[in-house]
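Heads up: the sequence lines are chains Z and E, in that order.
Adding 43 to a residue's 1-based position in the first sequence gives its number in my numbering.
Adding 544 to a residue's 1-based position in the second sequence gives its number in my numbering.
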Amino acid sequence: MWALIGALGVLSMNAVAADAGQIEQGKQVYQYWCWNCHGEGVGKPGTQALTAKYKGSKPAILDQRTDLTPAVTKIFVRKGVSIMPFFRKTEITDAQLDALAAYLAREHAKVQ
Amino acid sequence: MPLLPPNVSATNFSQAVSQFRAVVGQEWVFTSDDDVALYKDAYSPFWGEKEEILVSAAVAPSTAEEVSQVVRIANTFKIPIYPISTGKNLGYGGSAPNLSGSVVLDLKRLNRIIEVDDKRHFAIVEPGVAYFDLYRHIQEKGLRVQADVPDPGWGSLIGNALDHGVGYGFGGFRDHFYSHCGMEVVLPNGDIVRTGMGALPGAKTWAEYHYGAGPYVDGLFSQGNFGVVTKMGFHLLPAPEAYLTGTVIVPKRNDIIPLVEGGNRLEHAGVIGMPEYGSPLGGFGGPPDPELRSILAKPGGASVAELEQHAETTNRGFFSLTVQFYGGEKVVRAQWEYAKEVFAGIRGVKFNEGDFIKFPATPEQLEKAHKVAIGVPNMSIFTIGARSAFNPSPTDGHLWFSPIIPKSGEAILEAQDVFMKVFRDMNMPSLVSPFSVPATWMFRAFVFIMGLPVYRNNIEQNKKTRELVKHLIQVGAEHGWGEYRTPPAFQQQVTDAYSYNNHALRRLHETLKDAMDPNGIISAGRYGIWPKQMRGQTKV
C-alpha cells in the first residue's frame, strides 16, 4: 500500500515537473512568436487591439490574462483573428502550441 | 476527396506524397484539410469565393539536399510546387501560390544562419531565417554589424529580397535584392547551383563579390519561377556609432520640387539614409483637423491657395522632409549642417533637429525610435491596421498597390492628382490627398503605395477592392507607372502592362521557362509566367 502511494507520489511529482517544463517551453514560444505584438510597450499591435477591445475590463497584455483556456489559444493561433494571420505547423508545431496554450492557461488553471 | 494538383491523378498524387514523406519525414508532409488551410493567403481578396487559392499539400524539407529530392519527385509526377520562405508576404499573397492545387514547399525549417562577418560586413542565411533571428544572433554574439530591416520583423531575409522587398536604412542596403550577394539554388531539375563566386569550390568571397565570372543569373530567381533559393548572402551595414535626424519644413505646395531635388542630392551622394517625406497637414493616423476638413469638403475641392493659407496661419508648413544620418557623432552633426545649406534657398524653409542616439541606445531611446531606421526589427507597422480608439472596426487585412514613380516633386504632385481622380471616378473615399507622399524605400525611385482593405466576411467589399486595384493598375500604366510588387491576383495584369515590343520581356521569360522547367513545376503563374501547357488558359 505504502509502496503504491509512494509510486503515485513519484508519478504525481513527475507530472508536476512535466507541466512546469511545458509551461516554461510555452513561455519561450510566447516570447518568440507572440511578444512582439502582444507584449508591453509602444508599437505592439496586439496589445493596442486588445486595449481597444476590452477597454480595461481584461488585461491587454496576453500573458497577463487569467481567462485563456488552451482551446481558445489554439483556435486563435490556427485560425487567426482580424489582421493577425494563422500560424503554420512549421512555425508553431502542435507540441509547441500545447506548451503555449499551457503557459497562457497557467493562471486560469489556478483560478479554477 | 482532397484537392488534387491540376492534371495529376489521385494515384500519382498519393505516390508522390508517399515519396515526399520518405524524404522529409512523415510529420513534415501536410495533407489534412486543417493543415493545408494554414497555407491560404490570410489577406486573400477572394476569401470564401470560388477563386480563392487552395493548396493540395505542403512539404517542409530541412536541407537543400531534401529540397532537391522533393523537386525531383515533383518533376517525376509533374506536380506544381510553390516555395515559400517564412510565408509572411502579407498584402502580396502570404503563403499561398498562384495556382490552386499546388503543393507548397515550406522552407521555414531551413533556418540556419551560416555566417555573419562583422569585419567584412556580410551574412549568409537560409530562407527560414527571419529578421528577428538574425538580429538576435548579432546581439547575442555582440557583432558590430546591422542588417537593413523591413517593417514586420518576422519575414525572411531571403523571401523578402526575392520579392524585391525593401527596408528603412542607408542607401542601397534598403533594396534587399540589390544588397544580396550570392545564392544557392535548387533548379527545376533538382540540380543544386551556386551563383557568383559560390560556383568556385572553396570560394572565399561568395557573399562579397556578386558576379564571379560569366553571365549574372541571380535576377531570374527573384519574383520568378526558375528555381528554389536555399541560401543567400547579404551585404550588411557596419553598426553606426551615432544616428541623427533633422526635419526640413517648406511652406508652399510646389516647394516639394526643390525639397526632393535637395533630398536626392544628399541621398545619392551618400550623405543621408532614407529620406522621409511628409506633410504637417496630413498623414497616417494624424488627429483630425476640423478646419482643414471643411476646406477640403468645399464643392469642387480646396484650392492650392486655400491650403497654403491654412498651412501658413496654423504655422505648420505644407511639406516636410526628415533626413537621417548614420556614422560618427562629429560626422553626422556636420552632415546636418551641410544638409541645411542645401535647402537654405527655399523661401520660408524651417529646420528642426530631431533624435540623436549614440549607440548603444538606451531603452528609452530605443522605445521612442523609429526602430526599423536603426536596424531593429519589430511589428509596429501593424498598429496602423489593428483595432484602436481611432480604428474601432479594423479590416481583416490589406492589399498593397505599389506603383513606382519618378523621384521628383513633379511626379508626386502628378500622382496625387491622377490617383485622386481615380477615387472620384469610382465614387470611393480617396486614400490620396494633396498631402500624400510616396514611400522612399527604393534608392532611386519612389513608390506611391496604398493599402486597400480586405475582409474575411465581406465579399462585396472585397469585390470593390479588387475593382479598385485593377483600375489603379490600369491608370498607373497609362501614366508610365508600373507596380514593383503585387499579390498573385494581380500579377497577370501588372506584368501584362510591361508590354514593350509586343510583350518581348514576357516572351523572353517564357523561353527561359520552357528551357529550364519544361514540366512547369515551379511556381506556375508567378508574375505572369505560366508553364507552356497552361499558357493562355489560366488567368486569375
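Built from N, CA and C at the ideal position, the CB exists for glycine as well.
Treat the numbers as computed from the prediction; the structure is a model and nothing was measured.
Scan the segment 904-915 of chain E for residues whose Cβ lies nearer than 9 Å to a Cβ of chain Z and list them as they occur along the chain. Within the segment 904-915 of chain E, the residues whose Cβ lies closer than 9 Å to some Cβ of chain Z are E911, K912 and K915, listed in chain order.
Sorted by chain position, which residues of the same chain lie with C-beta nearer than 6 Å to L613/E's C-beta, five sequence neighbours on each side aside? For the purposes of this step, residue 613/E is identified with residue 69 of the second sequence, where counting begins at 1. The question names Leu, but residue 613/E in the sequence shown is Gln. Around Q613/E: V567.
Roughly how many angstroms separate the alpha carbons of K842/E and L836/E, rounded to a whole number? Stepping through the second sequence from its first residue, residue 842/E is reached at position 298. Stepping through the second sequence from its first residue, residue 836/E is reached at position 292. Rounded to the nearest angstrom, the two C-alpha atoms are 10 Å apart.
At the level of alpha carbons, what is the spacing between Q960/E and P978/E? The residue given as residue 960/E occupies position 416 in the second sequence. The residue given as residue 978/E occupies position 434 in the second sequence. If you take the alpha carbons of Q960/E and P978/E, they lie about 6 Å apart.
Using 8 Å as the cut-off, can you tell me whether the segment 595-602 of chain E makes contact with the segment 114-129 of chain Z, which would need three or more C-beta pairs spanning the two stretches below that distance? At 8 Å Cβ cutoff, the stretches do not touch.
Can you tell me which of the three DSSP states Q627/E falls into? Counted from its first residue, the second sequence places residue 627/E at position 83. Note that residue 627/E corresponds to Pro in the displayed sequence, not to Gln. In the structure shown, the three-state DSSP call for P627/E is strand.
Can you give me the Cβ contacts of V804/E inside the same chain, cut-off strictly under 6 Å, excluding the 5 residues immediately before and after it? For this step, residue 804/E is matched to residue 260 along the second sequence. Exclusion of the five residues before and after V804/E leaves S952 and G953 as the residues of its chain whose Cβ lies within less than 6 Å of its Cβ.
Any C-beta of chain Z sitting closer than 8 Å to the C-beta of G919/E? Along the second sequence, read from residue 1 onward, the residue named residue 919/E stands at position 375. It does not: the Cβ of G919/E has no partner Cβ on chain Z nearer than 8 Å.
Per DSSP, what kind of secondary structure is T791/E in: helix, strand or coil? Along the second sequence, one-based indexing puts residue 791/E at 247. Residue state, collapsed to three classes: strand.
With a threshold of 8 Å between beta-carbons, can T866/E be considered close to chain Z, or not? Taking the second sequence and counting its residues from 1, one reaches residue 866/E at position 322. For T866/E, the answer is no, since every Cβ of chain Z falls outside 8 Å of its Cβ.
Please classify A554/E: does DSSP put it in a helix, a strand, or coil? Within the second sequence, residue 554/E is the residue found at index 10, counting from 1. In the three-state scheme derived from DSSP, where H, G and I count as helix and E and B as strand, A554/E is classed as helix.
Drop a sphere of 10 angstroms on the beta-carbon of A554/E, count the other beta-carbons inside from all chains shown, and report buried for 16 or more, exposed for fewer. Stepping through the second sequence from its first residue, residue 554/E is reached at position 10. Exposed is the call here.
Would you call the segment 885-893 of chain E and the segment 659-676 of chain E touching, i.e. three or more CB-CB distances under 8 Å? Verdict: no, contact absent.
So what's F119/Z in DSSP terms, helix, strand or just coil? Here residue 119/Z is taken as the residue at index 76 of the first sequence, counted from 1. In the structure shown, F119/Z sits in a helix (DSSP, three-state: H, G or I).
Looking at the C-beta of Q91/Z, does it have a partner C-beta in chain E at a distance below 8 Å? For the purposes of this step, residue 91/Z is taken as residue 48 along the first sequence, with counting starting at 1. Q91/Z counts as touching chain E.
Continuous alpha helix (DSSP H) stretch holding E684/E: start and end: Against the second sequence, residue 684/E aligns to sequence position 140. Per DSSP, E684/E belongs to the alpha helix (DSSP H) from Y675 to K685.
Suppose you measure from the CA of L780/E to the CA of L687/E; what does that come to, to the nearest Å? Within the second sequence, the letter at position 236 stands for residue 780/E. Within the second sequence, the letter at position 143 stands for residue 687/E. Taking the straight line joining both Cα atoms gives about 11 Å.
Is G64/Z near L143/Z, with beta carbons less than 8 Å apart? Locating residue 64/Z in the first sequence gives position 21, where the first residue counts as 1. Locating residue 143/Z in the first sequence gives position 100, where the first residue counts as 1. When the beta-carbon positions are compared, G64/Z and L143/Z stay at least 8 Å from each other.
Give the straight-line distance between the Cα atoms of F854/E and S100/Z, rounded to the nearest whole angstrom. Here residue 854/E refers to the residue found at position 310 of the second sequence. Here residue 100/Z refers to the residue found at position 57 of the first sequence. As written in the sequence, residue 854/E is His, which differs from the Phe given in the question. If I take the Cα positions, the gap works out to 42 Å.
Looking at the C-beta of A152/Z, does it have a partner C-beta in chain E at a distance below 8 Å? Taking the first residue of the first sequence as position 1, residue 152/Z is located at position 109. Cβ-Cβ to chain E under 8 Å: no for A152/Z.
Can you give me the start and stop residues for the alpha helix (DSSP H) that V580/E sits inside? Translated into the one-based positions of the second sequence, residue 580/E becomes position 36. Unbroken alpha helix (DSSP H) run through V580/E: D577 to A581.
Do F778/E and A930/E have their CB atoms nearer than 8 Å? The residue you call residue 778/E lines up with position 234 of the second sequence. The residue you call residue 930/E lines up with position 386 of the second sequence. Contact flag unset, no.
Do you know whose CA, among N922/E, R877/E and K884/E, lies nearest I901/E's CA? Within the second sequence, residue 901/E is the residue found at index 357, counting from 1. Nearest C-alpha to I901/E: R877/E.
For the segment 852-879 of chain E, which residues have a beta carbon sitting closer than 7 Å to at least one beta carbon of chain Z? Hits within the stretch: zero.
Below-8 Å beta-carbon distance, N922/E vs any chain Z residue: Sequence index remark: in the second sequence, residue 922/E carries index 378 (1-based). So yes, N922/E belongs to the interface.
Comparing the C-beta of P102/Z with each C-beta of chain E, is any distance below 8 Å? For the purposes of this step, residue 102/Z is taken as residue 59 along the first sequence, with counting starting at 1. When Cβ-Cβ separations below 8 Å define contact, P102/Z makes no contact with chain E.
Which chain E residues are close to G86/Z, counting only those with a beta carbon under 8 Å from its beta carbon? Locating residue 86/Z in the first sequence gives position 43, counting from the first residue. Those within 8 Å of G86/Z in chain E are K915, N922, M923, S924 and T927.
Could you check whether the segment 1033-1053 of chain E touches the segment 603-611 of chain E, counting it as contact only if at least three pairs of C-beta atoms, one from each stretch, sit closer than 8 Å? The answer is no - the segment 603-611 of chain E does not touch the segment 1033-1053 of chain E, with fewer than three Cβ pairs under 8 Å.
Spell out whether any CB of chain E is found under 8 Å from the CB atom of I118/Z. Here residue 118/Z refers to the residue found at position 75 when the first sequence is read from its first residue. Taking Cβ atoms only, chain E never reaches closer than 8 Å to I118/Z, which makes this a no.
Within its chain, find whatever has a CB closer than 6 Å to the CB of A669/E; leave out the 5 residues flanking it on each side and keep chain order. On the second sequence, position 125 is the one that residue 669/E refers to. Reading the sequence as shown, one finds Val at residue 669/E and not Ala. Here the set comprises I657 and L701.
Figure out for me which residue from D762/E, Y712/E, Q1018/E and M776/E has the closest Cα to the Cα of Y870/E. Position 326 of the second sequence, counted from the first residue, corresponds to residue 870/E. Closest option to Y870/E, Cα to Cα, is Y712/E.
Any idea if E83/Z is buried or exposed, counting beta-carbon neighbours within 10 angstroms, 16 or more meaning buried? Reading the first sequence from its first residue, position 40 is the one you call residue 83/Z. Around the beta carbon of E83/Z, fewer than 16 other beta carbons sit within 10 angstroms, so the residue counts as exposed.
Can you determine whether any heavy atom of the ligand SAH sits closer than 7 Å to the C-beta of D62/Z, and answer yes or no? Ligands displayed in this structure: none; no statement on the ligand SAH is therefore possible.
Taking the alpha-carbon of F967/E as reference, which of G807/E, F770/E and G1020/E has the nearest alpha-carbon? Taking the second sequence and counting its residues from 1, one reaches residue 967/E at position 423. Out of G807/E, F770/E and G1020/E, G1020/E has the C-alpha closest to the C-alpha of F967/E.
According to the neighbour-count rule (16 or more other Cβ atoms, all chains shown, within 10 Å of its Cβ), is P759/E buried or exposed? Here residue 759/E is taken as the residue at index 215 of the second sequence, counted from 1. In this structure P759/E is exposed. Its beta-carbon is surrounded by fewer than 16 other beta-carbon atoms within 10 angstroms.
Give the secondary structure of W985/E by DSSP, where H, G and I count as helix, E and B as strand, and everything else as coil. Mapped onto the second sequence, residue 985/E falls at position 441. Three-state result, W985/E: coil.
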